[in-house]
Amino acid sequence: MATDPELLEQTKSQDTLAKWQKTIDLMARIFGAPAGFIVQAQPDGFSVLVANNDEDNPYSAGGIIPLETNIFCKKVVADNAPLYERHASTNRQWDTNPEVSEDGFESYLGVPIRWPDGSAFGTLCVMDFKVTAYDINLQELIEHLRDMLEDDLILIHRFSQMRHIAMLDPLTNIYNRRAVVTLAEHKRDIALKMHMYFYCIFIDLNEFKAVNDQYGHTIGDKVLNGLATAIKAVSRDDDLAGRMGGDEFLMFVQGPSGAWINDLMQRLMGEFKQLLSEQDLPSVMFSYGHAMTDDKFFDLKQLISLADKAMYQAKTKKP
104 MATDPELLEQ TKSQDTLAKW QKTIDLMARI FGAPAGFIVQ AQPDGFSVLV
154 ANNDEDNPYS AGGIIPLETN IFCKKVVADN APLYERHAST NRQWDTNPEV
204 SEDGFESYLG VPIRWPDGSA FGTLCVMDFK VTAYDINLQE LIEHLRDMLE
254 DDLILIHRFS QMRHIAMLDP LTNIYNRRAV VTLAEHKRDI ALKMHMYFYC
304 IFIDLNEFKA VNDQYGHTIG DKVLNGLATA IKAVSRDDDL AGRMGGDEFL
354 MFVQGPSGAW INDLMQRLMG EFKQLLSEQD LPSVMFSYGH AMTDDKFFDL
404 KQLISLADKA MYQAKTKKP
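Remember, the numbering used here sits 103 above the position in the sequence shown when you count from 1.
In structure tokens:
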């Protein structure tokens, strides 16, 4: 969960950061400390997500401290436990800690912040240039503030789950029509910036009504699921796929100009046939058509319409 890019971005929303900023500013004032932080553990290091507004604080929000750096927060995350260092310069463990040797910090009190699944989000901490002796009430206070931050992370996680569910087609568990078209707008913009062709592939099952009539809707649903599974199997990480409704599916892919789309569809057909055979489902074929954008043509609705027309032409040509 800690590396989920969607969740990481939601923690940086303006509403969340504004709320957390007030918490950190208040915490630093209560402790009488020049520095208070929310530090986020990321794959490439530790990032100051929120810092209190104090002219004596040497760190501001932003930037990454490499993973190999010996800092207090690294130990808190590694041990998944609170750390209170009252007089750091007398502890040889921190001789190579730049917060001590370069910035002059003597005191650190920090607690781990966790995602709802228990994985590390980062730390909540206060730091001081002087030796401290925080009583038990202050130590309990920082843990209480941490609990409030973790409640926010639970809400963020639940909202993300709800939004994800709302974007999925309940039968096939791939994006629904609204979601795939919305996300395709962003994918198209990226492709244009990279000077890549952006393709829409419209896929439609052949004689699907006959499958439902002959075998029933339960079998028909399994066929639809089979096609969705096959589409996911041949899709690359940057590809996008969704169900338009009924037996119609869309794929959005980017790449060079050429015949590689036909090769992709041949792989899809092979994967689909294998899935149907493995599940002892009736043999069903599909038709497809595609259209592409370039730097002169990029209207998404028109792109989908052109791909639909190309699919229909291909379907009517079949014997």
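Each residue gets a CB set at the ideal place from its N, CA and C atoms; glycine is no exception. Source: prediction; values computed, not measured.
Could you check what DSSP says for residue i in three-state terms: helix, strand or coil?
i: L244; result: helix
i: L120; result: helix
i: E374; result: helix
i: L170; result: coil
i: M297; result: coil
i: S222; result: coil
i: T106; result: Residue confidence is low: T106 scores 47 on pLDDT, short of 50, so the model does not pin down where it sits. Its coordinate-derived value is still stated next. It is coil, neither helix nor strand.
i: F175; result: helix
i: P201; result: helix
i: R189; result: coil
i: I133; result: helix
i: F208; result: coil
i: Y237; result: coil
i: A282; result: helix
i: A184; result: coil
i: N194; result: coil
i: D292; result: helix
i: D250; result: helix
i: Y415; result: helix
i: Y163; result: What sits at residue 163 in the sequence shown is Ser, not Tyr. In the structure shown, S163 sits in coil (DSSP, three-state: anything other than H, G, I, E or B).
Would you kindly work out how many angstroms separate the C-alpha atoms of residue i and residue j, rounded to a whole number?
i: K414; j: Y391; result: Looking at the sequence itself, residue 414 is Met, so the reference to Lys does not match. So the alpha carbons of these two residues sit roughly 5 angstroms apart.
i: R261; j: P219; result: 10 angstroms
i: M347; j: A181; result: 46 angstroms
i: R291; j: M354; result: 12 angstroms
i: N276; j: Y162; result: 44 angstroms
i: A144; j: R266; result: 25 angstroms
i: L241; j: L120; result: 23 angstroms
i: V234; j: E171; result: 26 angstroms
i: I216; j: E188; result: 18 angstroms
i: N309; j: M388; result: 6 angstroms
i: V142; j: D316; result: 59 angstroms
i: V284; j: G349; result: 16 angstroms
i: Y211; j: I268; result: 42 angstroms
i: E423; j: D238; result: Absent from the model: residue 423. The displayed extent of the chain is 104 to 422, so no value can be given.
i: A105; j: G361; result: The predicted position of A105 is uncertain, since its pLDDT is 47 and thus under 50; a value taken from the coordinates is nonetheless stated next. Whole-angstrom Cα-Cα distance: 39 angstroms.
i: A184; j: L244; result: 16 angstroms
i: N328; j: E351; result: 12 angstroms
i: S380; j: D324; result: 15 angstroms
i: T226; j: E202; result: 15 angstroms
i: V314; j: L367; result: 25 angstroms
i: V229; j: T199; result: 20 angstroms
i: P108; j: N365; result: Low confidence applies to P108: its pLDDT is 48, below 50, so where it sits in the model is not reliable, and the reading given next is rough at best. Between P108 and N365, the C-alpha separation is close to 32 angstroms.
i: F311; j: T321; result: 13 angstroms
i: F224; j: Q416; result: 52 angstroms
i: K420; j: H393; result: 15 angstroms
i: D397; j: M372; result: 27 angstroms
i: E158; j: D128; result: 12 angstroms
i: D383; j: V337; result: 21 angstroms
Is the CB of residue i under 7 angstroms away from at least one CB in chain C?
i: P201; result: The structure shown contains no chain C; it holds only a single protein chain.
Taking C-beta to C-beta, are residue i and residue j nearer than 7 angstroms?
i: D411; j: F305; result: yes
i: L248; j: M130; result: yes
i: S150; j: I167; result: yes
i: G139; j: N155; result: yes
i: A331; j: D231; result: no
i: L186; j: K177; result: no
i: A191; j: E209; result: yes
Could you pull the DSSP bridge partners for residue i from this structure?
i: A138; result: M230
i: L308; result: F389
i: F149; result: A144 and I168
i: R217; result: A223
i: A154; result: F140
i: Y302; result: V356 and M395
i: L271; result: Y278
Jot down the residue ranges of each uninterrupted alpha helix (DSSP H) in the region 319 to 405, minimum 4 residues, whole runs only, in chain order. 320 to 337 and 363 to 381
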